[in-house]
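These protein sequence lines map, in sequence, to chains S and F.
Numbering of the first sequence is given in our numbering, commencing with residue -13 and proceeding in unit increments.
Numbering of the second sequence is given in our numbering, commencing with residue 968 and proceeding in unit increments.
A virtual CB, placed ideally from N, CA and C, is assigned to each residue, including glycine.
One structure is given below, encoded as structure tokens.
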Amino acid sequence: MTIELHGVAFSYANDATKSLLNIDHWSVARGERVLVHGPSGSGKSTLLNVMGGLLTCNVGEVTLLGERLDTMNARQRDQFRANHVGYVFQRFNLVPYLNAIENIELASTFAAGKQRSSVREEATDLLHSLNVIPSDWSKPTSHLSMGQQQRVAIARALINTPEILIADEPTSSLDAENRDNFLRLLLGLVAEKNTTLVFVSHDLAIAQYFTRVQALSEFNQEHC
Amino acid sequence: MFLTVASKSLLNRKGSVAMTLMAISVAIFVLLGIEHVRQQARDSFASTVSGVDLIVGAKTGSLNLLLYSVFRIGSPTDNIRWETYEQVVADPAVSWAIPISLGDSHEGYRVVGTTSAYFDHFSYGKKRRIEFTNGAPFEGTFDAVLGSEVAKTLGYKVDSQIVLAHGLATTSFSLHDNKPFTVVGILAPTGTPVDQTIHVPLQGIDAMHSDWPQGPANLTIKSVSRPAPPRRNRRASLRLCWA
Chain S
-13 MTIELHGVAF SYANDATKSL LNIDHWSVAR GERVLVHGPS GSGKSTLLNV MGGLLTCNVG
47 EVTLLGERLD TMNARQRDQF RANHVGYVFQ RFNLVPYLNA IENIELASTF AAGKQRSSVR
107 EEATDLLHSL NVIPSDWSKP TSHLSMGQQQ RVAIARALIN TPEILIADEP TSSLDAENRD
167 NFLRLLLGLV AEKNTTLVFV SHDLAIAQYF TRVQALSEFN QEHC
Chain F
968 MFLTVASKSL LNRKGSVAMT LMAISVAIFV LLGIEHVRQQ ARDSFASTVS GVDLIVGAKT
1028 GSLNLLLYSV FRIGSPTDNI RWETYEQVVA DPAVSWAIPI SLGDSHEGYR VVGTTSAYFD
1088 HFSYGKKRRI EFTNGAPFEG TFDAVLGSEV AKTLGYKVDS QIVLAHGLAT TSFSLHDNKP
1148 FTVVGILAPT GTPVDQTIHV PLQGIDAMHS DWPQGPANLT IKSVSRPAPP RRNRRASLRL
1208 CWA
């Protein structure tokens, strides 16, 4: 199993009485492409943050690639995430004053064991395959359109060839046609590298692209 | 990589970086400036007069007394009687005292009426005595000793005649022109208000303000603005203060 959650409970500190996540058991196998859907505010993003090690759960075990994430300290989690997890955020979180190439290179400097010279080549390859035109590569990312930023964000998430790709509603700001184009590109790259994908969205229209579609409420018992 | 990120980040917020730099430099400038001024004020204050334990004057604020007696700033308020001065000097705790009488000027420079005790005891900086570049302390009633700056600015030499004016204004309408003084000595530069002072004998001040003829045989001094009696020890001077 690539991702395994066991008896995970999570609540935000400012609202400790309400347990947002309460997952008895949930797992994702290698190469699976999972769509988790559910209404806004149901804890989808929280689930991804716990899985990606951005948040630590109150109780339970989070195991990624056979390693216990919940027993690592913050530094170890960051290093693990840099090496093994690609993350596409809802708002992309690109560094606005760096250009596309620099954003991608920055991500690779945090991962261990990468050659500086090969990074630029890989970055341009990725941008090529994501249909980002070369004239946009050297613009600060704040000057790019939403669609272009999204592609740069994907390229950044994939530069370290992670085993796991986590995507948090990256299609929410796209129209149907662009969304489909984008998903085709993303899933093409994911399939090529046999990456495990966990994708979160409230939009069930994209279900056809995934090997498993689950509502969050199926495996998360909300306790109020 | 991180240097690139840092420099691009700074460039991206040029405005706030510039403002921050400016604010920091202004703050440092002010801090250093104030510290410097404080140090200077302290040094100059400490070096203006030394070896004096007590300043005695007529009823006034202590700051005002200090300013007009030591720094020659502002006007003296009132005189103390000569008997009081004698009483102070007679106290066994007092080793020496310098009487100072203020209120006249010459071309804007303050005139100080005093006695030869001034040249014997007055010291500044690290207990440095005042010295003469030319001439000697006054002996006659109408002798004057000039501070170095007075002599230099007004071009006076030993044997020059000067006429003192009543009051402190540069242009005075009441000149004591019937009683000119003769310069008998010029002091070495000290870097203190002494440089800007004209020293005359107390008898001279008194004679100037009376209608006495020149050469008073038995002139008695009526009052002085301030005697500055330094004490043998601080304890004794404190005791005297309370008395």
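Under the criterion of beta carbons closer than 8 Å, Gly24 (chain S) and Ser203 (chain S) qualify as touching, at roughly 6 Å.
Only those residues of the stretch 65 to 95 of chain S whose C-beta falls short of 8 Å from the nearest C-beta of chain F are listed: Val81, Pro82, Tyr83, Leu84, Glu88, Glu91, Leu92, Thr95. C-alpha of Trp1049 (chain F) to C-alpha of Glu1116 (chain F): approximately 31 Å in a straight line. Beta-bridge annotation (DSSP): Ser1072 (chain F) is paired with F:Arg1077, F:Ala1132.
The beta carbons of Thr(-12) (chain S) and Glu149 (chain S) sit about 7 Å from each other, so the pair counts as a contact at 8 Å.
Annotation: the continuous alpha helix (DSSP H) that includes Ala1118 (chain F) extends over 1115 to 1121. Per DSSP, Leu998 (chain F) has no beta-bridge partner at all. Counted as a single uninterrupted DSSP element, the stretch harbouring Tyr73 (chain S) is not any alpha helix (DSSP H) but the beta strand (DSSP E) occupying residues 71 to 74. When secondary structure is reduced to three states using DSSP, Phe1089 (chain F) falls in the coil class, being assigned neither helix nor strand.
If you look at Gly1171 (chain F), you'll find it in the alpha helix (DSSP H) that goes 1169 to 1176.
Our two residues, Asn35 (chain S) and Gln76 (chain S), have alpha carbons roughly 12 Å apart in a direct line.
Using a CB distance cut-off of 9 Å, Val972 (chain F) counts as an interface residue toward chain S. Cα atoms of Lys1146 (chain F) and Ser1029 (chain F): separation of roughly 34 Å, rounded to the nearest angstrom. Per the C-alpha coordinates, the member of S:Ser187, S:Val48, S:Ile87 positioned closest to Gln134 (chain S) is S:Ile87. For the C-beta of Ser976 (chain F), the chain S residues within less than 7 Å are, from N- to C-terminus, Tyr83. Beta-bridge partners assigned by DSSP to Leu50 (chain S): S:Ile(-11), S:Glu53. For a Cβ distance threshold of 7 Å, residue set Glu91, Leu92, Thr95 of chain S lies close to Met968 (chain F), ordered along the chain.
In the three-state scheme derived from DSSP, where H, G and I count as helix and E and B as strand, Val1125 (chain F) is classed as coil. Annotation for Phe205 (chain S): Ile9, Trp12 place their beta carbon closer than 7 Å to its own, counting only its chain and skipping 5 residues before and after. Using a C-beta cut-off of 8 Å, the stretch 1026 to 1043 of chain F makes no contact with the stretch 1094 to 1109 of chain F, since fewer than three inter-stretch Cβ pairs fall below that distance. With a threshold of 16 other beta carbon atoms within 10 Å, Asn146 (chain S) meets it and is buried.
By alpha-carbon distance to His188 (chain S), the top candidate from S:Gly17, S:Val14, S:Glu(-10), S:Ser28 is S:Ser28.
Asn85 (chain S) counts as buried, since no fewer than 16 other beta carbons sit within 10 angstroms of its beta carbon. Closest option to Tyr1076 (chain F), judged by alpha-carbon separation, among F:Thr1164, F:Met1175, F:Arg980: F:Thr1164.
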